[in-house]
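Residue numbers in the sequence shown follow the working numbering, run continuously in steps of one, and reach 752 at the last position. All residues carry an ideal CB built from backbone N, CA and C; glycine is no exception. Given the structure is predicted, the values throughout are model-derived calculations rather than measurements.
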Amino acid sequence: MWTSLFSLALAWLSTTRALAPDNCEQVFSICQQPDVGSWTRCYEERITRCRLRLRVQGFIYERVNWTQEAKASPTPQHGVQIPSSALQRSRGAEDQDKVLLVATVINSTFFKLSPPPRARRLTPDDPPRTVLGGVVLLVRAGSRPVHNLSQTVRLTFTHNKQGKDGTCVFWQESSLEDGTGHWSTAGCETSNTGSEFVCSCNHLSFFAVLVNPVLSVEESDAVNLSYITYVGSVLSIFFSVISLSIYIHLQRRRPEKALGVHLHLTGALLCLHASFLLSCFWVWRLDGGEEGWVCRALGLLLHWSLLASFSWTALEGFHLYLLLVRVFNIYVRRYLLKLSVVGWGLPTLVAVVCGISGVYGKYKPESKDVNNHSSSAEICWMSSHRLPVSSVTTVAFPCLVILCNSCMLGHVVFKLWGLRAGGRGADGGGSKKMDREKWMKLWRDCATVLGLSCVLGLPWVLASTSYVSLAGVYVFTVLNAMQGVFMFLWSVALSCKSRSENNSFSSRDPSSQKVMTTSFNN
């Protein structure tokens with residue numbers, strides 16, 4: 231009898247302990263036990279039945295009126311706005327004036343990814359993305375889960391200016407019941423106000439924002455990249471001067487419009503690298519002092535030089551279009567003069583308008599190294615609060631130029647391939663001499679395409695790789711800092727072509743020459 235009573239007492243104590251509410255501070259550790267299974271489901275169930283003894287930072291646990299809209303901010307970077315209709319549905323059939331609202335943040339490392347199903351919108355083929363700030367926002371209200379809300383829940387995630395592309399997601403458990411899951415965008419819409427991501431979702435759950443990972447550059451790499459940029463700019467200035475001399479010499483021997491376009495592009499690149507070094511040197515000389523009118527003037531000169539370089543790069547592609555597409559019956563009166571009005575006039579107009587608007591000044595791009603140490607590289611450019619102007623004039627315009635010139639380069643490759651195919655059909659034998667000539671033509675075509683790629687500014691395409699890997703940053707820095715050197719090599723190739731154009735082999739192989747020069751009448 232006593233044994234039976236003792237067993238009943240133990241059973242009653244265990245049942246009472248199971249039904250007793252947990253301390254809110256212990257819920258997370260309880261749900262992280264190995265035998266729990268899905269810890270997120272455990273956390274959602276227990277967090278609304280726990281008892282808060284101490285006030286915890288970053289943890290909102292309060293009862294709100296379900297007839298009014300509720301707002302909460304567990305951290306300064308996270309905000310929650312729940313409509314009254316959502317609170318009413320979470321209340322269920324309970325006759326209470328208020329419902330419990332829970333909002334807190336959890337480290338994203340506790341969310342283990344599982345192989346995603348094929349049907350979800352974020353596929354494994356998407357680029358790898360990271361959780362903004364490394365934290366996940368949990369929002370829970372009432373005693374019942376809610377979904378398919380007519381009025382969406384508004385979530386805000388504050389970010390810095392480096393956060394460009396973000397996607398609002400929520401945590402969806404896998405069917406394996408092992409605590410893993412994946413991020414899904416179902417029921418959530420994303421908008422970016424510039425300083426924060428706003429998520430509009432039709433349910434309550436674990437929420438986060440996935441962003442592109444920011445490439446961290448160590449301090450030693452940053453120093454190396456700076457030296458590469460400075461040395462490359464100095465070499466570009468030196469070889470640009472030599473290239474200008476070569477182009478002027480060739481222009482005097484045989485005036486050609488292609489040489490004139492190359493001459494102007496080389497001059498624009500010379501101004502670009504010279505103004506870049508002057509801008510960096512002047513900020514270093516200021517040593518943290520006021521920028522003054524000199525820095526604003528250098529910022530205007532650097533912006534003008536960059537726009538002029540891309541303008542003449544675009545005109546190189548336009549000239550190539552006239553050469554390859556409209557080959558016959560071309561007569562453009564004062565051809566180079568009209569190109570100069572566009573190549574130099576458009577950048578001058580934009581720079582003057584920006585100068586009158588007070589755009590230029592000392593620019594301080596804030597960055598963080600791999601150890602999360604803040605650093606700044608100052609330059610006379612555009613002041614930070616004028617960055618939208620910089621995006622329009624130095625991002626949108628170059629992207630359009632590169633896109634058009636890429637199409638032109640593809641057309642060049644197609645033309646060369648067609649000429650070579652026609653030449654193979656006309657050849658009558660398979661001798662070693664013909665094979666050697668074929669390989670020489672192939673190498674010549676490759677050199678022509680590579681040279682045209684540099685002339686048309688296609689190395690700027692590598693700017694996209696600088697967001698992916700450190701190697702991409704180095705390649706992009708080297709190629710674009712050495713633009714003057716590449717123009718020098720192109721001028722040397724044109725000079726050698728001019729000397730050997732009367733050669734018998736060159737007269738039989740006009741295809742590569744055809745894309746290197748033309749002769750429009752004035």
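Contacting residues, own chain, Cβ-Cβ under 6 Å from residue i (five flanking each side not counted)
i      : result
Ser303 : Gly309
Ser473 : Thr496, Met717, Phe718, Ser721
Val369 : Val310, Ala333, Leu434
Leu379 : Ala316, Asn432
Ser541 : Gly573, Leu576, Pro577
Ala581 : Leu530, His533, Trp534
Asp395 : Asn442
Ser219 : Because the chain here runs from 231 to 752, residue 219 falls outside it and cannot be looked at.
Leu367 : His308, Val335, Phe437
Arg319 : Val376
Cβ neighbour criterion (16 or more within 10 Å) applied to residue i
i      : result
Phe400 : buried
Leu385 : buried
Arg247 : With a pLDDT of only 39 at Arg247, under the threshold of 50, the placement of this residue in the model should not be trusted; the figure read from the coordinates follows. Exposed is the call here.
Trp514 : exposed
Ala626 : exposed
Val294 : buried
Cys254 : buried
Asp675 : buried
Pro628 : buried
Ala241 : Low per-residue confidence applies at Ala241: pLDDT is 41, beneath 50, and the placement is therefore not dependable enough to give any value.
Trp296 : buried
Glu486 : buried
Ile478 : exposed
Supposed contact pair residue j and residue i - C-beta distance, whole angstroms, cut 8 Å
i      : j      : result
Ile458 : Ala693 : Ile458 to Ala693, Cβ: 15 Å. No contact.
Leu639 : Ser683 : 6 Å
Val441 : Thr339 : Contact doesn't hold; Cβ gap of about 16 Å is too wide.
Ser466 : Gln713 : 6 Å
Beta-carbon proximity of residue i to residue j, cut-off 9 Å
i      : j      : result
Tyr291 : Leu330 : yes
Cys584 : Cys525 : no
Thr388 : Ser430 : no
Glu448 : Ser268 : no
Val631 : Leu566 : no
Ala544 : Leu502 : no
Lys342 : Gly417 : no
His549 : Leu569 : yes
Ser314 : His412 : no
Leu500 : Ser475 : no
Cys280 : Gln256 : yes
Three-way DSSP call (helix, strand, coil) for residue i in this model
i      : result
Pro628 : helix
Trp296 : coil
Phe716 : helix
Lys598 : Low confidence applies to Lys598: its pLDDT is 46, below 50, so where it sits in the model is not reliable enough to give any reading.
Ser303 : strand
Glu426 : strand
Val589 : coil
Ala416 : coil
Leu440 : strand
Ser466 : helix
Glu486 : coil
Glu449 : helix
Leu331 : strand
Phe400 : strand
Arg321 : helix
Residues of its chain near residue i, where Cβ-Cβ distance is below 7 Å and the 5 sequence neighbours each way are ignored
i      : result
Gly547 : Cys634, Asn635, Met638, Leu686
Thr278 : Leu330, Val332, Arg370, Ser373
Val708 : Ile458, Gly462
Ser742 : The pLDDT assigned to Ser742 is 47, lower than 50, so where the model puts this residue is not dependable; a value taken from the coordinates is nonetheless given after this. The residues are Arg674, Asp675, Thr678.
Leu480 : Leu489, Leu724, Ser725, Ser728
Thr382 : Ser430, Cys431, Asn432
Near the ligand NAD: residue i beta-carbon under 8 Å from a heavy atom
i      : result
Leu680 : With respect to the ligand NAD, the structure shown offers nothing to examine, as it has no ligands at all.
Close Cβ partners of residue i (< 8 Å) along its chain, the five nearest in sequence each way excluded
i      : result
Leu507 : Tyr460, Ser463, Val464, Ile467
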